Amino acid sequence: MPAMCGRYSLVESGEEIAARFLLDAVPGALHPRYNIAPSQAVLIVAGGEGRPRRAELARWGLLPAWAREARLAQINARIETAAERRMFAGALRARRCLVPASSFFEWRRGPGARRPVRFAPAAGGLWAFAGIWEDWAPPGGPGVRTCAILTTAPNALVAPVHDRMPVILPPDLEAAWMAPGPLPADVLAGAARPYPAERMTLHAVSTAVNDARRDAPDCIAPIS
DNA sequence: CCAGACGTTGTT
DNA sequence: GTCTGG
DNA sequence: CCAGACGTTGTT
DNA sequence: GTCTGG
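Residue numbers (my numbering): 35 to 258.
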């Protein structure tokens with residue numbers, strides 16, 4: 035029963051992303067990403083609620099400022115427990131962000147090898163995953179901004195494939211998620227609610243997406 | 001008090 | 001089997 | 001998440 | 001840095 039939050043895509047143009055997320059600008063040289071994997075630089079949207087919204091790049095794999103070893107990096111945080119986890123509490127309190135996404139992938143077990151499937155918005159467009167970020171630097175080394183994607187229980191479409199899915203924010207919670215200060219209980223509860231299955235589609239994709247070095251349209255193309 | 005962990009997913 | 005790199 | 005490596009001594 | 005275990 036795999037579902038995951040370990041691979042996704044972001045194929046829209048910088049202009050489309052800026053319009054959808056109310057951004058003045060996005061980092062230069064954004065190009066379509068068909069296969070985004072952990073450890074790579076990903077686009078996040080932070081700020082908002084009185085502060086300007088900022089789109090910037092962060093390394094996917096959250097490391098708290100106190101971490102001494104990069105191998106502690108976490109790509110996901112369970113929304114049910116993140117506030118209680120030493121590793122996530124600080125970021126959840128003060129450094130929440132949106133993670134723009136066109137779709138996410140999961141690998142389903144069938145006869146033989148696991149096969150990838152892709153989940154995308156039924157109406158097209160972009161999702162906002164709920165994220166957290168934190169700056170980290172190795173002892174004596176240069177700093178880097180890092181981030182993680184929150185996860186929650188699966189909806190009815192995802193459940194047969196996997197037992198977790200990313201937290202996808204309903205549009206009316208996006209601004210509240212990014213607001214400064216502690217996360218209000220009602221926003222946390224709303225975010226934890228699995229995104230409606232009816233607003234999501236699923237289709238099989240090629241195992242091309244298995245290889246994190248591959249980043250081409252065949253990673254998202256439907257197959258029979 | 002100090003020492004040591006600090007996390008998720010998936011698989012068995 | 002388990003960890004690292006992408 | 002999957003793919004691919006999995007090591008040491010010594011030298012720069 | 002902060003919490004848990006001893």
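We put the beta carbon where it would ideally sit given N, CA and C, even for glycine.
As the structure is a computational prediction, the values presented were derived from the model and not from experiment.
Are the CB atoms of residue i and residue j nearer to each other than 7 Å?
i, j, result
"Asp-252", "Ala-242", "yes"
"Asn-189", "Pro-150", "no"
"Ala-226", "Thr-186", "yes"
"Val-201", "Leu-184", "yes"
"Val-76", "Glu-140", "no"
"Ala-182", "Asn-244", "no"
"Arg-88", "Ala-99", "no"
Please identify the residue among the options whose C-alpha is closest to the C-alpha of residue i.
i, options, result
"Glu-232", "Ser-47, Ala-164, Asp-197, Phe-153", "Phe-153"
"Ile-70", "Ile-78, Tyr-42, Trp-167", "Tyr-42"
"Ala-193", "Trp-161, Pro-230, Gly-175", "Pro-230"
"Gly-144", "Gly-215, Ala-238, Arg-93", "Ala-238"
"Glu-208", "Ile-113, Gly-124, Ala-162", "Ala-162"
"Gly-158", "Met-234, Ala-125, Phe-55", "Met-234"
So who's on the other strand from residue i, going by DSSP bridges?
i, result
"Leu-236", "Phe-153"
"Ile-202", "Phe-163"
If you draw a straight line from the C-alpha of residue i to the C-alpha of residue j, how long is it?
i, j, result
"His-65", "Glu-49", "11 Å"
"Leu-222", "Gly-177", "30 Å"
"Asp-206", "Ala-116", "22 Å"
"Ala-63", "Glu-90", "12 Å"
"Ala-128", "Pro-134", "19 Å"
"Arg-102", "Glu-83", "33 Å"
"Trp-167", "Asp-197", "24 Å"
Going by DSSP in three states, residue i sits in which element: helix, strand or coil?
i, result
"Pro-173", "coil"
"Phe-138", "strand"
"Val-79", "strand"
"Ala-231", "helix"
"Asn-244", "helix"
"Trp-211", "helix"
"Ile-51", "helix"
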